[in-house]
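Structure record follows, encoded as structure tokens.
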Ligand SMILES: NC(=O)c1ccc[n+]([C@@H]2O[C@H](COP(=O)([O-])OP(=O)(O)OC[C@H]3O[C@@H](n4cnc5c(N)ncnc54)[C@H](OP(=O)(O)O)[C@@H]3O)[C@@H](O)[C@H]2O)c1
């Protein structure tokens, strides 16, 4: 049995999360389309599963307790890949997880996925894809956590976040490393089950937002 299947594991966030999950002592199956991109991580707790998400990737889900979907078509591709990866591959992952009895699903979504009409039209197709994938997960019956980070930064994480959206667009940001940490918290604790958690750079420990308490911090959204 593998503890966590991480989809899109060669990505900037997911690769950091993969290393962190292994450091937590978990066994990780990394789904990538190019195994060479993970050749710098060698660990007995890591297995690599090579598959393109545009194909049937259901066999990756065999014997996996949890799933993290952190893949994305990226900003340099068009609407076709947005549809096929951010929406359809994410939707398929939810279906495969159900078929294989996966017990929990963590989705890396995006700020703005709650209301795609509220942001500039250029990214609306992407936000619609994220929105529909999130809705599919919410209705799946799986125990889920949906993470909705702001604009991603390639700078060291601070370990601190806030979940209330900042007023200034310049502050609607978060280091990728902090998103990776949030993934690990979602996987290793039960406090974020069936919740949507926005992620912005802030001042509170990430772990605080993943605690299984009755009273949530203001701004941590429960839907
Ligand atoms: N950019 C932002 O500001 C922002 C903000 C909020 C949320 N997000 C979301 O955050 C998530 C992760 O971001 P990131 O920066 O870590 O992304 P990233 O570095 O672009 O990683 C995306 C991953 O998806 C994989 N992928 C894409 N198409 C695939 C396919 N057909 N088959 C298999 N794998 C495929 C990529 O594989 P390869 O390595 O082979 O290309 C890569 O591993 C994405 O879902 C993104 O939409 C982004």
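In this note's numbering, the protein residues as written are 1 to 223.
The C-beta atom is built at its ideal place from N, Cα and C for all residues, glycine as well.
Identified DSSP bridge partners for residue i
{"i": "residue 80", "result": "Paired residue(s): none; residue 80 is not in a bridge."}
{"i": "residue 5", "result": "29, 67"}
{"i": "residue 173", "result": "151"}
{"i": "residue 199", "result": "149"}
{"i": "residue 178", "result": "None; residue 178 has no bridge partner."}
{"i": "residue 205", "result": "160"}
Residue j beta carbon less than 8 Å from that of residue i
{"i": "residue 148", "j": "residue 189", "result": "no"}
{"i": "residue 62", "j": "residue 3", "result": "no"}
{"i": "residue 22", "j": "residue 43", "result": "yes"}
{"i": "residue 237", "j": "residue 161", "result": "Here the chain comprises residues numbered 1 to 223, so residue 237 is not present and cannot be evaluated."}
{"i": "residue 152", "j": "residue 174", "result": "yes"}
{"i": "residue 103", "j": "residue 143", "result": "yes"}
{"i": "residue 224", "j": "residue 38", "result": "Since the first and last residues shown for the chain are 1 and 223, residue 224 lies out of range."}
{"i": "residue 294", "j": "residue 53", "result": "Residue 294 lies beyond the range of the chain shown here (1 to 223); nothing can be said about it."}
{"i": "residue 15", "j": "residue 33", "result": "no"}
{"i": "residue 200", "j": "residue 157", "result": "no"}
Close Cβ partners of residue i (< 6 Å) along its chain, the five nearest in sequence each way excluded
{"i": "residue 49", "result": "29, 31, 60"}
{"i": "residue 69", "result": "7, 90, 93, 107"}
{"i": "residue 1", "result": "63"}
{"i": "residue 212", "result": "190, 191"}
{"i": "residue 67", "result": "5, 97, 102, 105"}
{"i": "residue 84", "result": "54"}
Cβ neighbours of residue i in the same chain (closer than 7 Å, five flanking residues each side left out)
{"i": "residue 184", "result": "17, 20, 21, 24"}
{"i": "residue 87", "result": "129, 132, 133"}
{"i": "residue 126", "result": "82, 86"}
{"i": "residue 187", "result": "4, 21, 66, 68, 106"}
{"i": "residue 41", "result": "18, 19"}
{"i": "residue 116", "result": "124, 127, 128, 131"}
Burial state of residue i (16 or more Cβ within 10 Å)
{"i": "residue 223", "result": "The predicted model places residue 223 with a pLDDT of 37, which falls under 50 and marks its position as unreliable; any figure quoted below should be read in that light. Looking at its Cβ environment, which holds fewer than 16 other Cβ atoms inside 10 Å, residue 223 is exposed."}
{"i": "residue 202", "result": "buried"}
{"i": "residue 118", "result": "exposed"}
{"i": "residue 114", "result": "buried"}
{"i": "residue 112", "result": "buried"}
{"i": "residue 82", "result": "buried"}
{"i": "residue 164", "result": "exposed"}
{"i": "residue 77", "result": "exposed"}
{"i": "residue 139", "result": "exposed"}
Cutoff 8 Å; reference residue i; Cβ partners in own chain excluding five residues on either side
{"i": "residue 206", "result": "159, 160, 161, 178, 181, 182, 185"}
{"i": "residue 154", "result": "12, 175, 176"}
{"i": "residue 99", "result": "58, 61"}
{"i": "residue 80", "result": "none"}
Only counting runs of 4 or more residues, tell me where the alpha helix (DSSP H) segments fall wholly within the stretch 10-68, in order along the chain.
-> 12-23
Output the residue ranges of the beta strand (DSSP E) runs that lie fully inside the stretch 91-165 and measure 3 residues or longer, sorted by chain position.
-> 104-108, 143-149, 151-153, 160-162
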